[in-house]
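So the structure is just underneath, and the comments pick up after that.
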Ligand SMILES: NC(=O)c1ccc[n+]([C@@H]2O[C@H](COP(=O)([O-])OP(=O)(O)OC[C@H]3O[C@@H](n4cnc5c(N)ncnc54)[C@H](O)[C@@H]3O)[C@@H](O)[C@H]2O)c1
């Protein structure tokens, strides 16, 4: 119960799905968690019995809000040990690339790429001041293989893959490790709106025969956040029920 004892962790997209599961698991493992989301429901979704969790409203595409959120870690705890750079959205619907609405493309890149960069940028500064840290970006299996109709999402997650590798190389001498987790298909709100037959078809593509649960991803993130993974950096960790081996 103390794999992250006293580590200060910032988790974005913490009001739902992976972010919520990581928040609860990390707090259970002794972390002090700053749980950030642009959805204001973040402010009253965690209870004192969930652990040391400080909720904050933060839109990752808003630089000023990102700066304020990292400053909260600085003023409240004086350091930052772990960043889960996780907030994200998906395509509203599939489009072939030549038909992709430019506005929707920009919106996806704004959250998935620019937002992730802003949070990484400001967090790295505080990690440098703290003498090190561990960053876990949420990538996707889409950074490794095609999904027809999702060129924007897959290429944005491809950017996260190289943001991870490149930044890892830049900060390895600063005791800052940077990895990404790359989920296949998981049971989170991002799948809301899909018909049961589509969900069944997605599950059928997974060799393990089922869609993943967010806790499975949270355990991988916990390992990467903890000192147990202290010799690991610059890696993009697929977690997909075996899908990428097929
Ligand atoms: N669920 C999957 O199958 C799957 C697969 C691969 C990758 N991912 C990635 O996992 C991450 C988390 O998604 P999830 O599946 O838990 O979905 P989710 O919809 O349950 O959670 C996403 C969270 O991000 C928040 N968010 C969205 N835009 C934001 C912004 N601009 N600023 C702050 N918060 C914002 C939402 O409010 C929500 O709480 C995303 O980066 C997503 O791309 C999910």
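In the numbering used here, the protein residues as written are 3 to 248.
C-beta atoms are modelled at their ideal positions from N, C-alpha and C, and glycine is treated no differently.
Using the C-alpha atoms, what's the distance from residue 99 back to residue 200?
Their backbone Cα atoms lie some 22 Å apart in a straight line.
Residue 247, buried or exposed, once every other Cβ within 10 Å from all chains shown has been counted against 16:
Under a 10 Å Cβ-count criterion, residue 247 is classified as exposed, with fewer than 16 other Cβ atoms of the shown protein chains found around its own Cβ.
May I ask whether a heavy atom of ligand 1 can be found less than 7 Å away from the beta carbon of residue 19?
Yes.
Report the option in 245, 117, 225, 236 whose CA atom is closest to the CA atom of residue 5.
With distances taken between Cα atoms, residue 5 lies closest to 225.
Please indicate yes or no: does the CB of residue 39 lie closer than 7 Å to some heavy atom of ligand 1?
At least one heavy atom of ligand 1 is found less than 7 Å from the C-beta of residue 39.
Taking the alpha helix (DSSP H) that residue 126 belongs to, which residues open and close that run?
Where residue 126 is concerned, the enclosing alpha helix (DSSP H) stretches over 118-132.
Span of the beta strand (DSSP E) around residue 163:
No beta strand (DSSP E) holds residue 163; the alpha helix (DSSP H) holding it covers 153-173.
Any heavy atom of ligand 1 closer than 7 Å to the CB of residue 231?
Residue 231 Cβ: outside cutoff for every heavy atom of ligand 1.
Let me confirm a value: residue 173 is counted as buried when at least 16 other C-beta atoms fall within 10 Å, else exposed. Which label applies?
That one is buried.
May I have the straight-line CA-CA distance separating residue 181 from residue 238, to the nearest angstrom?
If I take the Cα positions, the gap works out to 6 Å.
Where does residue 88 fall in DSSP's three states?
In the structure shown, residue 88 sits in coil (DSSP, three-state: anything other than H, G, I, E or B).
Please go through the same chain and pick out, in chain order, the residues whose beta-carbon is closer than 7 Å to the beta-carbon of residue 204, but skip the five residues on each side of it.
Only 187, 213 meet the Cβ criterion.
Taking the straight line between their C-alpha atoms, what separation do you get for residue 128 and residue 66?
Rounded to whole angstroms, residue 128 to residue 66 spans 16 Å at the Cα level.
By Cβ distance below 7 Å, which residues in the same chain neighbour residue 143 in space, the five residues on each side in sequence not counted?
Cβ-Cβ distances below 7 Å link residue 143 to 184, 185, 186, 240, 242, 245, 246 in the same chain, with the five nearest sequence neighbours on each side left out; the list follows chain order.
Excluding five sequence neighbours on each side, which residues of the same chain lie with their C-beta closer than 6 Å to the C-beta of residue 114?
Cβ-Cβ distances below 6 Å link residue 114 to 90, 158 in the same chain, with the five nearest sequence neighbours on each side left out; the list follows chain order.
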